[in-house]
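Here's the structure, in structure tokens; my notes come after.
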Amino acid sequence: MTQKLSQFIPPWPPKFTDKILPSLAGKVYIVTGAASGVGYELVKILYLKGATVYIAARSQARCDGAVEQILSETKSLSDDETPGRLGTMVIDLSDFSTIRPGVQDFLKKESRLDVLVHNAAVMSAPLGSKDKQGNDLEVGTNCLGPYLLTLLLKPLIAVTATQPNTPAGSVRIVWEVAVLQAQLHKDGMQFETDGSPKILTKFMANYIQSKVGVAWLTGLFADRLAEKGVLSVCVHPGLMPTPLQRHQPWFLNNVVRPLLPPINGAYTVLYAAFSDELTMEDNGGYCMAWGRKCDMPEAIQLARKCVAEGGSGSEKKFLDYCNKQLKAFL
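For the sequence shown, the numbering used here gives the first residue as 1263, with consecutive numbering after it.
Put into structure tokens, the structure is as follows:
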């Protein structure tokens, strides 16, 4: 209960900020959904620390607009380090056909990837909303698209982690989630008879369920890349007003608007991406605002076990569904 309450009222101020980061010159990062909100603020921090940062967004216009805005906002700022380089990556996570071309373009330009941040998401979309391939929009954008993107980038992430003088756990995959303790089904996720996630109609329930899927993807890549020294963690960045709330009722937006600005969420993600407090022992783990470790809810953990082992087997059912939906794009 204490952890759940502290998700909504996190300790202040954030202890892990851009002031702690060393120079990131020579490092390469991808942040999805980086044209606005938390992702945008994170890109700006990394850029000012000398990194090469790719803004991944669903159109070239959104990518270019974010680049122009960051350059405008930072041209008069002074930092200890020389600013880095901004790149663009046009991928629409709700249209899987755009992801491989975006990755191929990135691979032509870069030979390493130090951290992949899955920031893009859709929340509380109108009932019946679908992605380009006909999947539920929240599951498609929040789970299937990021899963495909990570699968395609996995070889480069593994190569980066095995480079000389690369400490175990310094190359990371960061998955943004929600308050995972809220509205959880006892099995973590509910399914239709065909094995697809059930579309839930209660407010926020479908979004929360999609983020349970993200937590399982976090664990999947933690297992697959552990031997390479890659750390895969999920993080709830905190509650703040961002474009993610665009589908919420107006009265809830009025509640969120007075909260802290998106840069505070960027500090939370910064913690997940760079803090030395997180080691390979935390692989597959969960962090929360404004930069703290958190226990993974029991329902999500039990779902990783089959029924014979005392679990629900929901994770395997979900991953089987994901693999089936993405087969044509691999």
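We put the beta carbon where it would ideally sit given N, CA and C, even for glycine.
Measuring CB to CB, does residue i end up less than 7 Å from residue j?
i: A1423; j: K1371; result: no
i: H1498; j: W1437; result: no
i: A1382; j: G1481; result: no
i: D1367; j: T1360; result: no
i: A1318; j: G1346; result: no
i: A1477; j: I1562; result: yes
i: V1384; j: P1524; result: no
i: L1348; j: V1329; result: yes
i: I1332; j: K1306; result: yes
i: S1356; j: T1412; result: no
For residue i, list the residues DSSP reports as bridge partners.
i: V1497; result: E1438, C1549
i: M1351; result: A1318
i: R1615; result: Look at the range of the chain in this structure, 1263 to 1592, and you will see that residue 1615 is not part of it.
i: D1398; result: K1392
i: V1329; result: Note: V1329 sits in no beta bridge, so no partner.
i: F1453; result: P1459
i: V1433; result: V1492
What number of angstroms, rounded off, separates the C-alpha of residue i from the C-alpha of residue j?
i: L1540; j: R1434; result: 10 Å
i: K1311; j: V1290; result: 12 Å
i: S1321; j: K1555; result: 34 Å
i: V1492; j: I1292; result: 15 Å
i: D1641; j: A1590; result: Outside the shown range of the chain, which is 1263 to 1592, sits residue 1641, and nothing can be said about it.
i: Q1507; j: C1549; result: Only weak support exists for where Q1507 lies, its pLDDT of 43 falling under 50; the value from the coordinates is given anyway. For Q1507 and C1549, the distance between alpha carbons rounds to 21 Å.
i: G1407; j: F1358; result: 6 Å
i: S1532; j: S1285; result: Ser is not the amino acid found at residue 1532; the sequence shown has Leu there. Straight-line Cα distance between these residues: approximately 14 Å.
i: S1298; j: N1545; result: 28 Å
i: M1542; j: G1431; result: 6 Å
i: Y1409; j: D1582; result: 12 Å
i: M1466; j: P1426; result: 45 Å
Over what stretch of residues does the beta strand (DSSP E) that includes residue i continue unbroken?
i: R1210; result: Any answer about residue 1210 is impossible in this case: the structure gives the chain only from 1263 up to 1592.
i: I1292; result: 1290-1294
i: C1405; result: It is not in any beta strand (DSSP E) - C1405 carries neither H nor E in the DSSP assignment.
I need the boundaries of the alpha helix (DSSP H) containing residue i, first residue and last residue.
i: L1479; result: 1467-1487
i: V1377; result: Premise fails: V1377 lies in the beta strand (DSSP E), 1377-1380, not in any alpha helix (DSSP H).
i: E1303; result: 1299-1310
i: T1530; result: 1525-1536
i: L1581; result: 1576-1588
i: I1616; result: Absent from the structure is residue 1616, since the part of the chain shown begins at 1263 and ends at 1592.
i: A1561; result: 1560-1564
Closer than 6 Å: is that where the CB of residue i sits relative to any heavy atom of the ligand FMN?
i: E1438; result: Looking for the ligand FMN in the displayed structure turns up nothing, as the structure carries no ligands at all.
Exercise for the section: Check whether the segment 1433-1449 touches the segment 1467-1475, taking contact to mean three or more Cβ pairs, one atom from each stretch, closer than 8 Å. Expected result: yes
Practice task
Would you check if there are 3 or more beta carbon pairs closer than 8 Å linking the segment 1530-1548 to the segment 1272-1284?
Solution key: yes
Practice task
Evaluate the contact criterion for the segment 1565-1580 versus the segment 1451-1461: three or more CB pairs, one atom per stretch, below 8 Å.
Solution key: yes
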